[in-house]
Amino acid sequence: MNPYRHFIGVIVAALEAMQASGELPPSLDFSAITAEPPRDPAHGDIATNAAMVLAKAAGKKPRDIAEPLLQRLKANPDVVDGAVAGPGFINLKLADAFWRERLGECLKEGIAYGDSQLGAGRKVNVEYVSANPTGPLHVAHARGAVVGDALANLLHKAGFDVTKEYYINDAGAQVDKLGQSTYLRYKETLGETIGAIPEGLYPGEYLKDVGAAIAKRDGARWIDKPEADWLPEMRSFAIAMLMAEIRTDLETLGVSIDVFSSERALVESGAVDRAFAELSQQGLVYQGRLEPPKGQKPDDWEDREQTLFRSTQFGDDVDRPLRKSDGSWTYFANDIAYHHDKYRRGFVDMIDIWGADHGGYVKRMKAAVSAITGKKGELDVKLCQLVRVLKNGELVRMSKRAGTFITLRDLLDEVGPDVVRFTMLTRKNDAAFDFDLVKATEQSRDNPVWYVQYGHARTRSVMRQATAAGVAVDGLGSAPFDRLGDAGELALVRLIAQWPRQIEAAALAHEPHRIAFFLYELAAAFHSHWTRGSKEPELKFVIEGDADLTRARLALVQAVGFVIGSGLKVFGVTPVDEMR
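Mapped onto the working numbering, the consecutive letters of the sequence shown carry residue numbers 62 to 641.
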């Protein structure tokens, strides 16, 4: 149970009682009422804005609503005190017993604790990675992969019906360049001198493997043939081989994709024509000439009459071209068709995880989704800033195999998937990120990965020690939780009770990094309490001669372990039972 959402229900019930008694007018909108932890814990456990948001519609001053509302809330057995603050906020202090009851819920549900029906099965498409199949995944792709995968897991835990999707950009000039680059490596394998890779093609040594594989299969079949003959074969072979490598890297990272969609297949199916027809029917396509932009000219601006989408009607800065000068579709037109296809597949809610270099593309794509879905579709774009890889504060040299960047596989080989996943989630996606290889593996509280994992391992160690001492650790859900009275114990109980709210809030905000912050806070509180117990014998988890207190404290320890395990599952990280 999310205690705060529960108390919104309690507050609304009290307001409805005030309506029934004539203290408030009927037909008030309660949807903006919140119940949250106060910024200052000294003010209580729950703060609500109910009186503030209802005052205007009710024709009353906020305090004139807050005072009688507070009196009704004080009658609730879970409320021990309360006060009206400022112009009309209400702060409530809840009984310790209320928080202890949440501990029982956690022990009953295990790592499923925090599972929510907030999403009510609503379909959400989360598209992430979607790297061009022109080379191996690099560390920036890794960040998008981790953010997207954790967000999808988070939404699933919050009750949404989530589909994880990868869009293969296998159409257009970049894959033609891939085919041309592969052909050079193919000829090189067969003994020809190719010289320097021409500007604009892909110089990475990874294409040597692709060229060698084609040479092994086809021999000299493509030598001296015209480009029109060999390009489709080189292109498709390279895409297939590189996508197989990308899939392997994602699997090693622990990322599972439900749907791989092909841009080329989408175009060939007529999806772009269908989307174009849809926009045309709405009067959103016209022939026109764009004004010269101020400052630097964007790539898609041309001084000519062209086919344009009225994206300014949906919040964009300028209208956008749909066809190139040669009559072919623009990348934007293909992307419109792709999101139209998502909508046709039943996805009203769409989330795209992009690199920061696509920031200028967000407004037009949100405008397109609004248009192509009749304003029913919602697109949220999460931009991931670049990642620098450091070692002892120094930039790590680029990968020899990739030529210009550090690959995901390099990073996985260095620190492993669990460290990569958790570390990438310790910053908000739109904040620049330095991945320090030394700090990511050091054993200190400055390393969130180790600190949180150590918290989980410590809970398992306590349970093993209790078992070795002959204490029964089964059925702890029936332990007498009222024996938990120390301030440190109650602080842990309150943190555990926060977990369902953390899941729902992070899911609604599409911000999985919040979970990393919470897990660190919980681990820190647990480590602190464990340290107190090592110095103050009366706070130890196992108290000889007091079975009830021992079981209550072990229940608390087990609950901490469940919450950490639940959070690590969202992150796709394996909880450890022992630290080496």
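No residue lacks a Cβ here, since even glycine has one placed at the ideal position from N, Cα and C.
Quick check on this structure: which residue in Ile625, Ile557, Arg593, Glu550 has the alpha carbon closest to the alpha carbon of Leu610? Glu550
Val603 versus Lys269, Phe494, Thr520, Glu84, residue with shortest Cα-Cα distance: Thr520
Beta-bridge pairing of Cys445 - partner residues as DSSP gives them: Gly416
7 Å CB neighbourhood of Ala305 in its chain, flanking five on each side removed: none
If we ignore side chains and look at the alpha-carbon of each, how far apart do Lys277 and Met302 end up? 14 Å
To the nearest angstrom, how far is the alpha carbon of Ala432 from that of His104? 47 Å
Do three or more CB pairs link the region 329-342 to the region 393-412 at distances below 8 Å? yes
Give the secondary structure of Ile255 by DSSP, where H, G and I count as helix, E and B as strand, and everything else as coil. coil
Could you tell me whether any Cβ in chain B is nearer than 8 Å to the Cβ of Arg308? Going by chain labels, chain B is absent from the structure shown, which holds only one protein chain.
Looking only at DSSP bridge pairs, what is Gln348 linked to? Thr368
Short of 6 Å in beta carbon distance, which residues of its chain neighbour Phe393, apart from the five on each side in sequence? Order them along the chain. Arg381
Is it buried or exposed, Glu565, if we count other Cβ atoms within 10 angstroms and call 16 or more buried? buried
With Arg163 and Ala232 assumed to form a contact (beta carbons below 8 Å), what rounded beta-carbon distance in angstroms separates them? Incorrect: roughly 52 Å between the Cβ atoms, too far for contact.
Tell me the residue span of the alpha helix (DSSP H) that contains Ser522. 509-529
Let me make sure I understand the geometry here. Which of Phe632, Gln619, Ala108 has the alpha-carbon closest to that of Pro573? Phe632
Between Leu600 and Ala552, what straight-line distance do the alpha-carbon atoms span, to the nearest angstrom? 14 Å
Kindly provide the ranges of any alpha helix (DSSP H) runs that are 4 or more residues long and lie completely inside the region 212-288, ordered along the chain. 234-250, 267-279
Please give me, in chain order, every unbroken run of the beta strand (DSSP E) with length at least 3 that falls completely inside the region 386-441. 410-416
DSSP beta-bridge partners for Val450? Phe496
Sequence-distant residues of the same chain with beta carbon closer than 8 Å to Gly120, five excluded per side: Pro86
Whole-angstrom C-beta distance between Ala111 and Ile72, which should lie under 8 Å: 5 Å
Use the C-beta contact count for Tyr247: other C-beta atoms within 10 angstroms, 16 or more gives buried, fewer gives exposed. buried
Under DSSP, the alpha helix (DSSP H) around Ile107 begins and ends at which residues? Counting along the chain, Ile107 falls outside any alpha helix (DSSP H), though it belongs to the beta strand (DSSP E) covering 107-109.
Excluding the 5 residues flanking Ala299 on each side, which residues of the same chain have their C-beta closer than 6 Å to its C-beta? Leu239, Thr243, Val271
Would a C-beta distance cut-off of 8 Å place Trp483 and Val634 closer than the cut-off? Trp is not the amino acid found at residue 483; the sequence shown has Phe there. Yes, the Cβ-Cβ distance between Phe483 and Val634 is below 8 Å.
Span of the alpha helix (DSSP H) holding Val631? 608-632
What does Ser539 pair with, by DSSP beta-bridge criteria? DSSP, once it has assigned bridges, lists no residue as partnering Ser539.
Classify His419 as buried or exposed, calling it buried when 16 or more other Cβ atoms lie within 10 Å of its own Cβ. exposed
Less than 8 Å between C-beta atoms, sequence neighbours within five positions excluded: which residues of the same chain meet that for Asp491? Ala417, Lys443, Leu444, Cys445, Gln446
Can you round the beta-carbon distance between Val207 and Val532 to whole angstroms, since I take them to be within the 8 Å contact cut? No, Val207 and Val532 are not in contact; Cβ-Cβ is about 39 Å, not under 8 Å.
Less than 8 Å separating the beta-carbons of Pro123 and Pro148? yes
Where do the ends of the beta strand (DSSP E) carrying Lys169 lie? First-last for Lys169: 157-170, but that is the alpha helix (DSSP H), not the beta strand (DSSP E).
Classification of Gly252 by the beta-carbon crowding that lies within 10 angstroms, buried from 16 upward: exposed
In chain order, which continuous runs of the alpha helix (DSSP H) of length 4 or greater are located wholly inside the region 281-344? 288-314, 324-329, 332-342
Can you tell which of Gln241, Ala173, Glu605 has the C-alpha that lies nearest to the C-alpha of Glu260? Gln241
Take the Cβ of Tyr65 as the centre, count every other Cβ of all protein chains shown within 10 Å, and call the residue buried at 16 or more, exposed below. buried
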